[in-house]
Amino acid sequence: MTVIKYSQAIRDAIAEEMRIDQNVFVMGQDVETMGGVFGCTKGILEEFGHDRIRNTPISEAVIIGAGVGGALTGTRMLVEMQYVDFILHAMDQTINQAAKVRYMTGGKATVPLIIRAQQGSGRGNGAQHSQNLEALFCHMPGLKVVMPSTPYDAKGLLKTAVRDNNPVLFFEHKVLYNTKGEVPDTDYTIPFGKADIKRSGKDVTVIATSWMVLKALEAAEILEKQGIDAEIIDPRTLVPLDKETIINSVKKTGRAVIVHEAHEVCGIGAEIAFIIMELAIDWLDAPVKRVTSAQAPIPYSSKLEKLTIPSVDRIIDAVKEVMYIK
Amino acid sequence: MTEAFLWIEIDGINITKPKYDMSDKLPDKKRGQIADNNSLLRIYEQMLRIRLFEQKAQELYVQGLVTGSMHIYTGQEAIAATAGELLRETDTITSTHRGHGHCIAKGGQTDKMMAELLGRKTGYCGGKGGSMHMADFTKGNLGANGMVGGGLAISVGAGITNAIIKKNDSVTICFFGEGATNEGVFHESLNLAAIWKLPVIFLCENNLYQVFTSVKESLPVKDVSVRATSYGIPGITCDGNDVIELYDVLESAIGRARNGQGPTLIEAKTYRWEGHYTGDGYARGGYRSIEEIDLWKAKDPIARMAKYVIESAIADNELLEKIEAGLKDEIEKAIHFAMESPWPDDEDLYKDVFYEKEEV
Ligand SMILES: Cc1ncc(C[n+]2csc(CCOP(=O)(O)OP(=O)(O)O)c2C)c(N)n1
Ligand SMILES: [Mg+2]
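Top line first, the protein sequences correspond to chains E and Y. Numbering-wise (the numbering used here), the first sequence opens with residue 576 and increments by one. Numbering-wise (the numbering used here), the second sequence opens with residue 35 and increments by one.
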């Protein structure tokens with residue numbers, strides 16, 4: 576095991592998969608130069624050369640559209656959106672093309688396309704550079720959606736994504752790039768659809784994604800001192816979603832809080848809460864609660880941004896609420 | 035003046051003022067004939083205001099008072115300042131992520147801008163927008179944009195309002211970087227503006243880079259202006275660090291737009307002195323050679339303009355110093371105003387998602 580940064584875990588996964596498979600091709604804005612804006616492609620050009628990694632113009636539609644075309648013709652396309660917000664330029668390519676082409680062709684087409692996108696708030700980037708858009712893609716059949724919260728998960732899941740034959744949206748978080756964690760020195764992958772219990776507990780189930788996993792863990796530490804034992808579940812992939820791990824936990828604790836940074840309305844929390852209602856309602860001792868960003872664009876002002884992002888305190892409050900503790 | 039600031043060819047990029055006058059409709063004026071002295075002095079002052087504002091904004095960023103991505107306009111001041119001078123208050127602009135200069139040039143107040151950068155309630159957007167979303171509708175600034183190319187289609191809509199609905203002679207200047215010309219929306223916007231002959235001036239600030247990526251990698255043509263050919267509109271490349279040349283070119287294009295002759299694509303070649311965003315660590319070196327940066331700094335549009343106004347006896351050193359002192363004072367006051375301003379209220383988080391009647 577070696578302790579590395581989340582950004583390096585991504586870089587290592589890319590390099591390792593490019594070594595294994597000659598057909599992996601990386602493209603995106605500024606990916607070749609200076610290791611990319613977030614350093615996730617540092618050293619790739621030097622090792623693999625200009626025919627394996629390319630800077631593109633600022634043209635999101637063709638980055639993803641050509642990703643589809645390349646994938647259809649045998650290239651494993653690993654493309655990057657510098658900020659997830661820019662994928663909105665390429666929604667046709669993502670949703671009308673990438674997501675549907677296999678189905679529309681009766682299973683003739685194979686689309687090994689991986690869209691890495693950096694998302695999230697927390698850095699004062701304002702409304703068009705701080706969004707969490709995972710729910711848009713979860714809604715559309717045909718796309719897999721991955722949201723790693725640790726370097727270990729990022730590396731293992733990205734390697735799985737590169738080997739997957741479906742379009743995968745791989746959401747990295749800007750605040751997580753500099754976080755560190757242990758990663759095995761040998762080749763490993765993490766299967767999609769397998770949630771990780773980041774902390775086991777018996778009193779309440781907290782389901783959290785991406786950066787919010789870290790906040791939920793922090794909340795759990797504080798709750799522990801107050802005699803509350805929270806179980807923290809990170810689904811890691813939203814499509815496919817590991818219902819079983821979530822349901823088993825809720826059956827054990829009888830209470831659930833869902834934490835995500837995206838807006839509340841039609842967010843993944845709504846889906847998870849419904850699944851809990853459907854499969855574990857008889858085990859519930861309290862209504863399920865959600866902790867999310869406000870139903871408003873992410874404001875620039877650091878004061879307001881702090882207010883909208885789910886905080887450790889808000890998670891603690893929600894846990895106490897489902898436990899009927901004042 | 036031109037001789038004193040000879041263009042140098044850098045890395046095969048032709049910056050010797052090629053003119054692609056596709057339709058022969060841009061009048062051939064003699065340099066500087068049209069600009070009056072007061073105009074030129076005001077442009078000088080605006081350029082300096084922008085430069086001084088940006089210097090202070092960077093200092094505030096380094097102190098951690100400004101968050102997110104802030105893109106500094108230093109080096110490109112001539113373009114915004116000249117455009118601003120030629121526009122009326124009723125004219126509109128759309129701006130970019132590198133938008134502080136555009137905002138100032140369209141009559142923006144530096145105190146409200148500083149307050150916005152600091153996320154305060156008194157800022158242009160009540161602290162909710164920040165550097166990339168500075169807007170002042172009272173002055174015709176329809177807003178900066180976090181999305182590259184975000185203003186292109188919006189400027190076309192403003193053109194529809196002016197030419198088709200209100201039938202006035204107002205025009206819109208759409209600022210964008212050369213990088214934005216590679217977005218699909220560039221094509222769609224110029225095409226629609228051209229077929230409907232809308233009063234929009236597409237003003238491309240070609241500073242040769244998009245983040246870390248050079249135009250050599252991203253543009254198959256030397257001059258963005260040639261792209262005008264596809265839309266049958268005039269396309270012209272000019273020296274973006276030369277106020278006099280910009281004045282001529284912009285005045286012609288604005289005149290065409292006001293007369294119902296439709297859009298023009300102007301490419302102003304220029305250079306940004308700083309990193310892509312403040313704190314990216316590449317203000318000097320990295321993907322650009324120090325030599326190249328210094329070559330362009332030698333073509334400082336403000337120094338050139340200072341020389342020009344002095345040599346043409348429009349102003350003397352004393353006057354220029356007085357202008358600078360006044361601006362420094364203004365910027366200090368702006369910072370003071372911002373620092374003393376209140377933060378937004380908690381409830382502001384939920385306000386303005388929709389139009390609410392009682393808030394007008
Ligand atoms: C749609 C979109 N894609 C990518 C980005 C990220 N980005 C911000 S500025 C920039 C470079 C823009 O280059 P250019 O248009 O030449 O303007 P400049 O920064 O040189 O002023 C990029 C790629 C963005 N903000 N929006
Ligand atoms: Mg540029």
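The beta carbon of each residue, even a glycine, is placed where N, CA and C say it ideally should be. A quick note: this is a predicted structure, and the numbers were derived from the prediction, not measured.
Open item on the list: Considering Cα atoms alone, identify which of E:Met652, E:Val612, E:Val606 is closest to E:Asp596.
Closed with: On the first sequence, residue 596 of chain E is found 21 positions in, with the first residue counted as 1. Selected option, being the one with the closest Cα: E:Met652.
Open item on the list: Can you look up E:Ile803 in the DSSP assignment and give me helix, strand or coil?
Closed with: Working through the first sequence from its first residue, we reach residue 803 of chain E at position 228. Three-state DSSP puts E:Ile803 in coil, outside helix and strand.
Task: 8 Å CB neighbourhood of Y:Tyr316 in its chain, flanking five on each side removed - done: Indexing the second sequence from 1 puts residue 316 of chain Y at position 282. Counting only Cβ-Cβ distances below 8 Å, and skipping sequence neighbours, we find Phe246, Gly309, His310, Arg322.
TODO: Identify the contact partners of Y:His221 in chain E, using a Cβ-Cβ distance below 9 Å as the criterion.
DONE: Here the question's residue 221 of chain Y lines up with position 187 in the second sequence. Those do not exist, as Y:His221 stays about 11 Å from chain E at its closest Cβ, beyond 9 Å.
Task: Neighbouring residues (CB closer than 6 Å to any heavy atom of ligand 2) - done: Y:Gly211, Y:Glu212, Y:Gly213, Y:Asn241, Y:Tyr243, Y:Gln244
Task: Straight-line gap, E:Val686 to E:Arg629 (C-alpha atoms, nearest Å) - done: Mapped onto the first sequence, residue 686 of chain E falls at position 111. Mapped onto the first sequence, residue 629 of chain E falls at position 54. Between E:Val686 and E:Arg629, the C-alpha separation is close to 20 Å.
Task: Same chain only: Cβ atoms within 6 Å of Y:Ala38, ignoring 5 sequence neighbours per side - done: Walking along the second sequence from the start, residue 38 of chain Y turns up at place 4. Low local confidence applies: a pLDDT of 25 at Y:Ala38 is under 50, so the model's placement there is unreliable, with the coordinate-based value given in what follows. None.
Open item on the list: Rounded to whole angstroms, what is the Cα-Cα separation between E:Val578 and E:Ile891?
Closed with: Indexing the first sequence from 1 puts residue 578 of chain E at position 3. Indexing the first sequence from 1 puts residue 891 of chain E at position 316. Approximately 29 Å between the Cα atoms of the pair.
Task: Neighbour-count burial assignment, Y:Leu383, 16 or more Cβ in a 10 Å radius - done: Reading the second sequence from its first residue, position 349 is the one you call residue 383 of chain Y. Y:Leu383 should be labelled buried.
Open item on the list: For a contact defined as C-beta to C-beta under 7 Å, what are the partners of Y:Asn216 on chain E?
Closed with: The sequence position of residue 216 of chain Y within the second sequence is 182, counting from 1. Chain E residues near Y:Asn216: Pro632, Ile633, Ser634.
TODO: Measure how close the beta-carbons of E:Ile639 and E:Glu747 come, nearest whole angstrom, since I'm counting them as under 8 Å.
DONE: Mapped onto the first sequence, residue 639 of chain E falls at position 64. Mapped onto the first sequence, residue 747 of chain E falls at position 172. Contact doesn't hold; Cβ gap of about 16 Å is too wide.
TODO: Over the uninterrupted beta strand (DSSP E) stretch that includes E:Lys719, give me the two end residues.
DONE: As a position in the first sequence, residue 719 of chain E is number 144, starting the count at 1. Per DSSP, E:Lys719 belongs to the beta strand (DSSP E) from 719-721.
Open item on the list: Once the 5 residues before and after Y:Glu217 are set aside, which same chain residues still bring their CB inside 7 Å of it?
Closed with: On the second sequence, residue 217 of chain Y is found 183 positions in, with the first residue counted as 1. So the qualifying residues of the chain are Val182, Gly183.
TODO: Report the neighbours of Y:Met81 on chain E: residues whose CB is nearer than 8 Å to its CB, in chain order.
DONE: Within the second sequence, the letter at position 47 stands for residue 81 of chain Y. Result: empty, since nearest Cβ-Cβ is about 27 Å, beyond 8 Å.
TODO: Tell me whether Y:Gln244 sits in a helix, a strand or coil according to DSSP, three-state version.
DONE: Taking the second sequence and counting its residues from 1, one reaches residue 244 of chain Y at position 210. In this structure, Y:Gln244 counts as strand in the three-state DSSP scheme.
TODO: Would you tell me roughly how many angstroms separate the C-alpha atoms of E:Ala567 and E:Met898, rounded to the nearest one?
DONE: Past the boundaries of the shown model lies residue 567 of chain E; chain E is included only from 576 to 901, so the question cannot be answered.
Task: Endpoints, beta strand (DSSP E) assigned at Y:Cys208 - done: Residue 208 of chain Y sits at position 174 when you count from the first residue of the second sequence. Note, Y:Cys208: beta strand (DSSP E), 206-211.
Open item on the list: If we define contact as Cβ-Cβ less than 9 Å, is E:Pro885 a contact residue for chain Y?
Closed with: Residue numbering aside, residue 885 of chain E sits at position 310 when the first sequence is read from its first letter. Chain Y contact via Cβ: absent.
Open item on the list: Please determine whether the Cβ atom of Y:Gly180 lies at a distance below 8 Å from any heavy atom of ligand 3.
Closed with: With respect to ligand 3, the structure shown offers nothing to examine, as its ligands consist of ligand 1 and ligand 2.
TODO: For Y:Ala197, I'd like the list of residues in its chain whose CB is within less than 6 Å of its CB, leaving aside the five on either flank, ordered along the chain.
DONE: Walking along the second sequence from the start, residue 197 of chain Y turns up at place 163. Leu232, Pro233, listed in sequence order.
- [ ] Measure the beta-carbon distance from Y:Glu150 to Y:Gly135 and round it to whole angstroms, keeping in mind my assumption that it falls under 8 Å.
- [x] As a first step, residue 150 of chain Y must be located in the second sequence, where it is residue number 116. As a first step, residue 135 of chain Y must be located in the second sequence, where it is residue number 101. About 15 Å separates the two Cβ atoms, so there is no contact after all.
TODO: At 7 Å on the CB atoms, spell out the chain C contacts of E:Leu751, in chain order.
DONE: Among the chains of the structure shown, chain C does not appear; the protein chains present are E and Y.
Task: C-beta atoms of E:Asn741 and E:Leu718 nearer than 9 Å - done: Mapped onto the first sequence, residue 741 of chain E falls at position 166. Mapped onto the first sequence, residue 718 of chain E falls at position 143. Yes, Cβ-Cβ distance for E:Asn741 and E:Leu718 is below 9 Å.
Task: Exposure of E:Asn707, with buried meaning 16 or more beta-carbon neighbours within 10 Å - done: As a position in the first sequence, residue 707 of chain E is number 132, starting the count at 1. The residue in question, E:Asn707, is buried, as its Cβ has 16 or more Cβ neighbours within 10 Å.
Open item on the list: Can you find the residues in the same chain that come closer than 6 Å, C-beta to C-beta, to E:Leu854, ignoring five residues on each side of it along the sequence?
Closed with: Translated into the one-based positions of the first sequence, residue 854 of chain E becomes position 279. Once the five neighbours on either side are set aside, the close Cβ partners of E:Leu854 are Ile822.
Open item on the list: Do E:Ala588 and E:Lys734 count as a contact pair if the criterion is CB distance below 9 Å?
Closed with: Within the first sequence, residue 734 of chain E is the residue found at index 159, counting from 1. Within the first sequence, residue 588 of chain E is the residue found at index 13, counting from 1. Yes, they are a contact pair.
- [ ] Taking a Cβ distance cut-off of 7 Å, strictly less, list which residues of the stretch 585-618 of chain E are near chain Y, in chain order.
- [x] Gln604, Asp605, Thr608, Met609, Val612
Task: Span separating the alpha-carbon of E:Ser835 from that of Y:Tyr305 - done: One-based indexing of the first sequence puts residue 835 of chain E at position 260. One-based indexing of the second sequence puts residue 305 of chain Y at position 271. One point to set straight first is that residue 835 of chain E is His, not Ser, in the sequence displayed. Computed Cα separation, rounded: 42 Å.
Task: Supposed close pair E:Asp903, E:Ala770 - CB separation, criterion 8 Å - done: No answer is possible for residue 903 of chain E: it lies beyond the span of chain E, which begins at 576 and ends at 901.
- [ ] Report yes or no: is there a C-beta of chain Y within less than 9 Å of the C-beta of E:Arg865?
- [x] In the first sequence, counting from the first residue as 1, residue 865 of chain E sits at position 290. Output row for E:Arg865: interface = no.
- [ ] Determine the extent of the beta strand (DSSP E) in which Y:Ser189 is found, giving its start and end residues.
- [x] Indexing the second sequence from 1 puts residue 189 of chain Y at position 155. First-last for Y:Ser189: 184-194, but that is the alpha helix (DSSP H), not the beta strand (DSSP E).
TODO: Could you tell me whether any Cβ in chain Y is nearer than 9 Å to the Cβ of E:Lys580?
DONE: To locate residue 580 of chain E, count along the first sequence from 1; it is residue 5. Chain Y contact via Cβ: absent.
Open item on the list: If you reduce the DSSP assignment to three classes, tell me which class Y:Leu75 lands in.
Closed with: In the second sequence, counting from the first residue as 1, residue 75 of chain Y sits at position 41. Helix, per DSSP.
Open item on the list: By the 7 Å beta-carbon criterion, what residues does the stretch 100-118 of chain Y contribute toward chain E?
Closed with: Thr101, Gly102, Ser103
Task: Short-range partners of chain Y found in the stretch 804-816 of chain E, where Cβ spacing is below 9 Å - done: none
TODO: Report whether the distance from the Cβ of E:Gln693 to the nearest heavy atom of ligand 1 is below 8 Å.
DONE: Numbered from its first residue, the first sequence carries residue 693 of chain E at position 118. Flag unset: Cβ of E:Gln693 not near ligand 1.
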